[in-house]
Every structure is written in structure tokens, then in C-alpha cells.
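J.: This is the structure, below, for whatever I ask next.
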Amino acid sequence: MHAFPFTEADPIQHPGPPPKTSEVVIVGGGVIGVTTALFLASRNIPVTLLEKGRVAAEQSSRNWGWIRKQGRDADELPIVIEAIRLWRQLAEESGEDIGLTQTGVTYLANADKDMADFEAFMKIAAAHDLDTRLLDVDETAKLITGMSRRFKGAMTTPSDMRAEPWLAVPALARLAARKGARIVENCAARTLDIAAGRIKGVWTEAGYIETSTVLVAGGAWSSLFLARHGVSIPQLSVRVTVAATEPLPEIYAGAAADDHIAFRRRQDGGYTLAGGGSHLLYLGPDAFRHATKYIPALRNDPLGARYFPYAPSGYPDGWSTPRDWAPDSETPFERMRVLNPAPEPARLRAIERNFKQLFPQFEKACLKVGWGGMIDAMPDVVPVVDRVQAIAGLFVATGMSGHGFGIGPGMGRVVSDMIQGNNTGHDLSRFRLQRFYDGSPVRLGPAL
Ligand SMILES: Cc1cc2nc3c(=O)[nH]c(=O)nc-3n(C[C@H](O)[C@H](O)[C@H](O)COP(=O)(O)OP(=O)(O)OC[C@H]3O[C@@H](n4cnc5c(N)ncnc54)[C@H](O)[C@@H]3O)c2cc1C
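Numbering (this note's numbering), first residue to last: 54 to 501.
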């Protein structure tokens, strides 16, 4: 296994060259691209997945590893319910240990307002037959042992799961490859070849692939890739900091969070930790272009983001990042093989402090590693999963807004059927691209 976090220094596991033709080409080797490739390959559909760096090296390995139904948008729930079934099936098919366990997810309440939010979700949970329940003060203290303070209560879903993302997504990529998907790492898609309003092919850094169908699942890069073709997605990305402890005695086998600290038991006996509070948004041209669409989210959570006037060089919304390029010249995608933001030192200190305040028995515990990630966000905190009306053969699945790992296999199955023209079995109208341009009001997903 590669050292964590993954970087472009890691060995290439899926070398090229890419084929000259492929029925479907997928741009992006995160959980969405990988699982879509897997389901297409399972149906014997020739599919090529292009990853500019390494499979799962961006969000799909850096995430917390929560697989949750709890707190989900009502329109995502049927898909994540399916995803939970698929996680089990795919983990078994992969034959690898990806750390998948059903240990529950719990949100802790500091205030009456938190309990009121949980109660609002209980109605959605009931409509979908979830095992979610509310806990009182004592039940909460019993569920998570050794906490230094008592919470007003909690909401918990015992059937929610966890897995180790850096094991899971590469394992699913190997499974997809065994089923016949052609995965090519270190190979950026540069531009689409479009003629008479239809996809004809994709220019990659390693040559041209003739195809009629492209899925863009490029995470934080999707908007930059598509804007050049006149497809506007109001997607921004925010930097977050995560850490892992050394192995510790178990205080809770699942994943839990309050406003200050999030913790998740890991397969190695440590905890993956993250802080509450705001994310860091680098202001760039897209942030200004799409600012009005983010006003409802800002009003809802004015302190949800901190701002920095510019991103490091080469970031998707950097001021100096080119917005246009030729198919035969280097693009921003291969200039940054892996978006690998440094963790913020002050955040790491706050994470450690908050964890130890809640669990004083771990006063001597050490953080063994810290890392950063860029979450690709949408104005309404739900993704875009759609075909692009103006360009026949072009599909997009992006903007998973910080919760795309758990739902990943469900989305992959849905998108593979969408590409094949089959009934997806779910109502996807909430995730249509045109919602941002047809006058629909921004309907915020839950910020739980
Ligand atoms: C710190 C953190 C914590 C999170 N915690 C959770 C959690 O607990 N549970 C949960 O469900 N979700 C969580 N998420 C969100 C989840 O990780 C993402 O929603 C999910 O991984 C997105 O998958 P993706 O495939 O859309 O994008 P990504 O994983 O970002 O993959 C996109 C890939 O596309 C590649 N790419 C881009 N452009 C090109 C191009 N032109 N050519 C070739 N390749 C290209 C990139 O290199 C990248 O590898 C978290 C995210 C972060 C950052």
C-alpha cells in the first residue's frame, strides 16, 4: 500500500497507455469515477478511466471514512441506503479488507437547537425506515464512554458504517480493473472533442481516445474542466484539516461529532479526528463568479467559512490557473497531479486540544499524522448528477459536498445506468445541473 496521504511520488498501479477507442471514458479516479467504471465493466461495457494522478489520491482517500444515512438530504437517502448494501457486496467481491464495519454514527447535542435539528431529521428517518433514534443525557454518556462532559443528548444510527477510504477506493479500482475497466493513472484528460453538439472523443496527455460518451467525475477540478466547454458548474472547494491518533483504548467503535470535534474509530485502533468550525475558502475568479448562489448557505451559517484572498499556485480556482489551453499543450490537470493541501497547524492543535478535553484519559496520546483535503462544495450542499443537455454524450457527477464517500457506490451504480439509458430507480431531479440556471430557489441540504 502507498504511504498516506497519497502523492504523485507513489508508484503507478494502473499504467497506460490509454486505448485508441472506448465506449465510455471517465474523467477522475475518485470513488465516483471508480464505482461507475466498476458497474459499467460488470455489464461488459468497454470503459476507460483516466486519473491525472493516482486513484483516490484526492478526496476519496483523505476523507473521514463515515458511511452514513444519518443527517442526509431526503433525496440522497434512497441512494445511500442502496450504497450501504453495495459497500458490503463490493467489499466481499474485492476480497480485500477495507475496514468496513457497522458501528454506527452519532451526533452529540450541545444545545437545545441541536436536539431540535435532530428531531427534524427524525421525520425524514421515519419516512425511510431508518433505525435512527434520539438519546437522552444518560443514554449518550453510556454510548460513548469516558467523556469529560455531559451532552444534552444525541442522535444515533446504529446501522451506519465506517471504512478506511485509502484502502477501500484503491481496492474497488482493482476490482473494476479485474472486471475489465481500463484504468490509466498519471494521465490527465485535457479537453473534450465535440462536433455538431456531440462527444467525439477526449484528448489526453497520452493521445486521443475516440468515444461517444464521457463522464466528468473530477471532484474539485470538474468545474475548471467543463467551463472551457461552456458548461458552468457553481462548484467551489474548501480546505479542511484531518488527523489520526496512535492506537488508543476504545471509547466508541463508531463515528461521532459535536460542534468542536469529530472522531471515528479506525481499523488500526486509532481515531481519525477533525475539528468543528469553519473551512477555508480561497477566493478566486469562480468564487466571485458564483458568489450570489452561495448567499443562502452563507446566511444559514455565516461563520461556516474563513476566506483567504488567493489559493496556492495551481489550485483549481487559483488566480493564475489557466482557464483555456490547447489539447496538445500541458494543462492545469497534469501540472497538479495530486491536490495535496497542507494541514493547518492551528487546526491540528485545536483538534488535539478538543479531543483531549473531551477525553482527558488520552492526555498523553499523540497525533501520528495530519493531512489536508479540498472538499468540492455546491451552493445547496447536494451534488450534480446529470447528463449535460447541450452536449450529447456528456455526463457529470460531481460536487459531492463533503459526503460523497459513503454514497459513492450508490452513485456509481446510478450513473452507470444513466449512461446506459436505463431507469436509475431513483428520482434524480434534485441533482440536475439546470437547477442553478432555471430560476429555482436554492434549497439547502441539511448541514448536519
Ligand atoms: C477531509 C474530508 C473529509 C470527508 N469526510 C467524508 C466522510 O466521512 N464521509 C463521506 O461520505 N464523505 C466525506 N468526504 C467527502 C468525500 O471524500 C468526497 O465527496 C468524495 O471522495 C468525492 O469523490 P469524487 O470521486 O467525486 O472526487 P475525488 O475523490 O476528488 O476524485 C476526483 C479525481 O479526479 C481526478 N481528476 C480531476 N480532473 C482530472 C482530469 N482532467 N483528468 C484526469 N483526472 C482528473 C483527480 O485527480 C481526483 O483524483 C470528505 C472529504 C474530505 C476532503
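We put the beta carbon where it would ideally sit given N, CA and C, even for glycine.
Locate the alpha helix (DSSP H) running through T198, then write down its first and last residues.
T.: For this step, residue 198 is matched to residue 145 along the sequence shown. Element bounds for T198: n/a, residue is neither H nor E.
J.: Within its chain, find whatever has a CB closer than 6 Å to the CB of M343; leave out the 5 residues flanking it on each side and keep chain order.
T.: Numbered from 1 along the sequence shown, position 290 holds the residue referred to as residue 343. Looking at the sequence shown, residue 343 is not Met but His. If we look at H343 and ignore the five residues flanking it on each side, its Cβ neighbours are P287.
J.: Relative to the C-alpha of A443, which candidate in S454, G283, G254, F316 has its C-alpha closest?
T.: In the sequence shown, the residue the question calls residue 443 occupies position 390. Closest option to A443, Cα to Cα, is G283.
J.: Return the bridge partner residues of G423 from the DSSP annotation.
T.: Within the sequence shown, numbered from 1, the residue matching residue 423 stands at position 370. According to DSSP, which records beta bridges pairwise, G423 is partnered with A296.
J.: Answer yes or no: do R251 and A445 have a C-beta to C-beta separation smaller than 8 Å?
T.: Mapped onto the sequence shown, residue 251 falls at position 198. Mapped onto the sequence shown, residue 445 falls at position 392. The answer is yes: Cβ separation under 8 Å.
J.: Any chance the CB of A48 is under 7 Å from a heavy atom of ligand 1?
T.: The structure shown does not extend to residue 48, since the chain is modelled only from 54 to 501, so the question has no answer here.
J.: By Cβ distance, which residues of its chain are closer than 6 Å to A403, with the 5 residues on each side in sequence left out?
T.: Here the question's residue 403 lines up with position 350 in the sequence shown. So the list reads G328, once near-sequence residues are dropped.
J.: Below 8 Å, how does it come out for the region 223 to 242 and the region 100 to 114: are there three or more Cβ pairs, yes or no?
T.: Contact holds: three or more Cβ-Cβ distances are below 8 Å.
J.: Locate the beta strand (DSSP E) running through T266, then write down its first and last residues.
T.: Within the sequence shown, residue 266 is the residue found at index 213, counting from 1. Where T266 is concerned, the enclosing beta strand (DSSP E) stretches over 266 to 269.
J.: Using the Cα positions of D311 and V222, report the straight-line distance between them to the nearest angstrom.
T.: In the sequence shown, counting from the first residue as 1, residue 311 sits at position 258. In the sequence shown, counting from the first residue as 1, residue 222 sits at position 169. Approximately 27 Å, taken between the alpha carbons.
J.: Take the Cβ of T451 as the centre, count every other Cβ of all protein chains shown within 10 Å, and call the residue buried at 16 or more, exposed below.
T.: The residue labelled residue 451 in the question sits at position 398 within the sequence shown. Its Cβ being crowded by 16 or more others within 10 Å, T451 is buried.
J.: Is any non-hydrogen atom of ligand 1 found closer than 7 Å to the C-beta of K232, if you look at the structure I gave you?
T.: Here residue 232 refers to the residue found at position 179 when the sequence shown is read from its first residue. K232: no, Cβ never under 7 Å from ligand 1.
J.: Beta carbon of H343: closer than 7 Å to some heavy atom of ligand 1?
T.: Counting from 1 along the sequence shown, the entry for residue 343 is found at position 290. No - ligand 1 has no heavy atom lying nearer than 7 Å to the Cβ of H343.
J.: Rounded to the nearest angstrom, what separates M54 and P369 at their Cα positions?
T.: Working through the sequence shown from its first residue, we reach residue 54 at position 1. Working through the sequence shown from its first residue, we reach residue 369 at position 316. With a pLDDT of 46 at M54, under the threshold of 50, the modelled position of that residue is not reliable, and the figure given next carries that caveat. Approximately 28 Å, taken between the alpha carbons.
J.: Once you ignore the five residues that flank A308 on each side, which residues in its own chain have a CB closer than 6 Å to its CB?
T.: The sequence position of residue 308 within the sequence shown is 255, counting from 1. Closer than 6 Å at the Cβ level, and outside the excluded window around A308, lie W119, V158, R215, R317.
J.: If F408 and L356 are in contact, beta carbons under 8 Å, what's the gap, nearest whole angstrom?
T.: The residue you call residue 408 lines up with position 355 of the sequence shown. The residue you call residue 356 lines up with position 303 of the sequence shown. So it is not a contact: roughly 21 Å between Cβ atoms.
J.: Give a yes or no on whether the minimum CB-CB distance between F341 and chain D is below 8 Å.
T.: Annotation note: the requested chain D is absent from the structure, which comprises a single protein chain.
J.: Rounding to the nearest angstrom, what Cα-Cα distance links M200 and L411 in this structure?
T.: Indexing the sequence shown from 1 puts residue 200 at position 147. Indexing the sequence shown from 1 puts residue 411 at position 358. Cα-Cα distance, rounded: 5 Å.
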